[in-house]
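A.B. asks: A single structure is presented below for examination.
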């Protein structure tokens, strides 16, 4: 599918949006007349606001003068005003005044449309290899460091799985090589890949997920084969680590979503609207350069009922969360499973739609299979769901990801 870099703010017939870097509440895109493309108010009040902004024929103002010095008649002014209001009302409808219709994610065509509209490809120049991680500025790191108040550090990874299970057929083989009076050593070897549904890991920005054979930075299948690895946008590009603000979204707090046991059942989607609802519940709001993390209680359920095959269903983000990532300028996204909900509810055979939208279109890195059990308990006790987030992937040249143990420091 074609990919194009972001252009200037604009109103289109499919979506109205703005690439402003401000993490403040979403603003509507504007035209020369400054009409609001997304209005939470009914159409008529919106039309009145448009009229007051764009028309100079309000009571008490000088009469309009036509070329040649003739004053416009009241009838002509009324007709002109009505025409302007009608035209702008139509523009509001075209922009999606309800603010939701253009964010639907039900078909493969919707995913393709979002892929084009939300794209950050080329935003940071032709040599960029880190995508939305560019939102993590030095100032952002300083702000994140200031979040450390109690000094409590919590691992966000799960213990590495060493036994085959329904959700983990690729495991770590650990072998003790020698033991002597001076110490011992062992060998660690994955049977298969650390990618998948059970090991905590970070995907590389490029190469691991592609659309039509092309990745976010422009890496191609031929380039991967020639380099015997990821030639651009590999995990090595993040060798200096990730230091920013983390925001935990505890989906087990969503009314009607979680079970009494404290987890989301497999196949439960968490939509963009659910994240916004959690922000109200938890008193937190994601902003530019943040890492957002979704706690579904996956590991609690696994401990209680045992492992289950991911193809039978997993809780996770719905693909419409891509719009949330764009609006908030999120740098990374993570969850305690493989990020995408499954089944994802999108018609046609779209594999991992949010992986495609986040990694390839938006350039947002993905942490899979993290464990927020302890962090959620600390956050609930402190009443604070934001913290300093740090993660350091292994320095693997040409690598398409890395096992990871992120840390949340409150």
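Residue numbers (my numbering): 92 to 501.
All C-beta atoms in this analysis are idealised placements derived from N, C-alpha and C, irrespective of residue type, glycine included.
Tell me the rounded alpha-carbon separation between residue 428 and residue 414.
C.D. replies: 20 Å
A.B. asks: Under the three-state reduction of DSSP, which class applies to residue 75: helix, strand or coil?
C.D. replies: Residue 75 lies beyond the range of the chain shown here (92 to 501); nothing can be said about it.
A.B. asks: I'd like the span of the beta strand (DSSP E) that includes residue 280, first residue to last.
C.D. replies: 274–281
A.B. asks: Considering only the alpha carbon of each residue, which of 384, 296 and 265 lies closest to residue 321?
C.D. replies: Ranking the options by Cα distance to residue 321, first place goes to 296.
A.B. asks: Along the beta strand (DSSP E) that carries residue 259, what are the first and last residues, could you check?
C.D. replies: Segment: none, residue 259 is in no beta strand (DSSP E) and carries neither H nor E.
A.B. asks: Thinking C-alpha only, which one of 358, 342 and 411 is nearest residue 384?
C.D. replies: 342
A.B. asks: Extract the residue ranges of the beta strand (DSSP E) inside the stretch 343–367, only unbroken runs of 3 or more that lie entirely within it.
C.D. replies: none
A.B. asks: To the nearest angstrom, how far is it from the Cα of residue 313 to the Cα of residue 258?
C.D. replies: 32 Å
A.B. asks: Would you please state the rounded distance, in angstroms, between the beta carbons of residue 492 and residue 292? I believe it to be under 8 Å.
C.D. replies: 5 Å
A.B. asks: Check the C-beta distance from residue 326 over to residue 484 and give it rounded, since I have them as a contact under 8 Å.
C.D. replies: Between residue 326 and residue 484 the beta-carbon gap is near 5 Å, inside 8 Å, which marks them as a contact.
A.B. asks: I'd like the list of long-range same chain contacts for residue 191, defined as Cβ closer than 7 Å, with 5 residues on each side in sequence excluded.
C.D. replies: Any reading at residue 191 must be qualified, since the residue scores a pLDDT of 46, below 50, and its modelled position is unreliable; the value itself is stated next. Excluding positions up to five away in sequence, the list is empty.
A.B. asks: Quick check: the Cα distance between residue 303 and residue 438, rounded to an integer number of angstroms?
C.D. replies: 19 Å
A.B. asks: Helix, strand or coil: which one does DSSP assign to residue 269?
C.D. replies: Three-state DSSP puts residue 269 in a strand.
A.B. asks: Under the three-state reduction of DSSP, which class applies to residue 340: helix, strand or coil?
C.D. replies: If DSSP states are grouped into helix, strand and coil, residue 340 belongs with the strands.
A.B. asks: Pull up the DSSP beta-bridge partners for residue 305, would you.
C.D. replies: 302 and 311
A.B. asks: Going by beta-carbon coordinates alone, are residue 387 and residue 406 separated by less than 8 Å?
C.D. replies: yes
A.B. asks: If you drop the 5 nearest sequence neighbours on each side, which residues of the same chain put their C-beta closer than 7 Å to that of residue 463?
C.D. replies: So the qualifying residues of the chain are 247, 339, 384, 386 and 427.
A.B. asks: Looking at residue 444: is its Cβ nearer than 8 Å to the Cβ of residue 358?
C.D. replies: no
A.B. asks: Where residue 468 and residue 447 are concerned, what is the direct C-alpha to C-alpha distance, given to the nearest angstrom?
C.D. replies: 32 Å
A.B. asks: Note down, in chain order, each residue of its chain lying with its Cβ closer than 6 Å to the Cβ of residue 117, except the 5 sequence neighbours on either side.
C.D. replies: Low per-residue confidence applies at residue 117: pLDDT is 39, beneath 50, and the placement is therefore not dependable enough to give any value.
A.B. asks: Measuring CA to CA, which of 487, 477, 478 and 461 is closest to residue 496?
C.D. replies: It is 461.
A.B. asks: Which term fits residue 372, buried or exposed, when burial requires 16 or more other beta carbons within 10 angstroms of its beta carbon?
C.D. replies: exposed
A.B. asks: From the DSSP output, read off the bridge partner residues of residue 459.
C.D. replies: 292
A.B. asks: Can you grab the Cα-Cα spacing for the pair residue 213 / residue 219, in whole Å?
C.D. replies: The straight-line gap from Cα to Cα measures roughly 8 Å.
A.B. asks: Just the Cα atoms here: how many angstroms apart are residue 287 and residue 203?
C.D. replies: 24 Å
A.B. asks: Residues bridged to residue 477 by DSSP?
C.D. replies: 338
A.B. asks: Taking residue 198 as the reference, which of 479, 211, 486 and 409 has the closest Cα?
C.D. replies: 409
A.B. asks: Using the beta-carbon count (16 or more within 10 Å), is residue 481 buried or exposed?
C.D. replies: buried
A.B. asks: Let's test the definition: count the other Cβ atoms within 10 Å of the Cβ of residue 360 and tell me whether it reaches 16, buried, or not, exposed.
C.D. replies: buried
A.B. asks: Is it true that the CB of residue 455 sits closer than 8 Å to the CB of residue 222?
C.D. replies: yes
A.B. asks: By Cβ distance, which residues of its chain are closer than 6 Å to residue 423, with the 5 residues on each side in sequence left out?
C.D. replies: Result list for residue 423: 382 and 456, in chain order.
A.B. asks: Taking the beta strand (DSSP E) that residue 499 falls in, what are its first and last residues?
C.D. replies: 498–500
A.B. asks: At the level of alpha carbons, what is the spacing between residue 499 and residue 479?
C.D. replies: 6 Å
A.B. asks: Can you list, in chain order, the residues of its chain whose CB lies under 7 Å from that of residue 265, leaving out five sequence neighbours each side?
C.D. replies: The residues are 253, 277 and 279.
A.B. asks: Report yes if the C-beta distance between residue 307 and residue 451 is below 8 Å; otherwise report no.
C.D. replies: yes
A.B. asks: In whole angstroms, give me the CA-to-CA distance for residue 164 and residue 193.
C.D. replies: Note that residue 164 scores 43 on pLDDT, short of 50, meaning its location in the model is unreliable; the coordinates nonetheless yield the value given after this. So the alpha carbons of these two residues sit roughly 41 Å apart.
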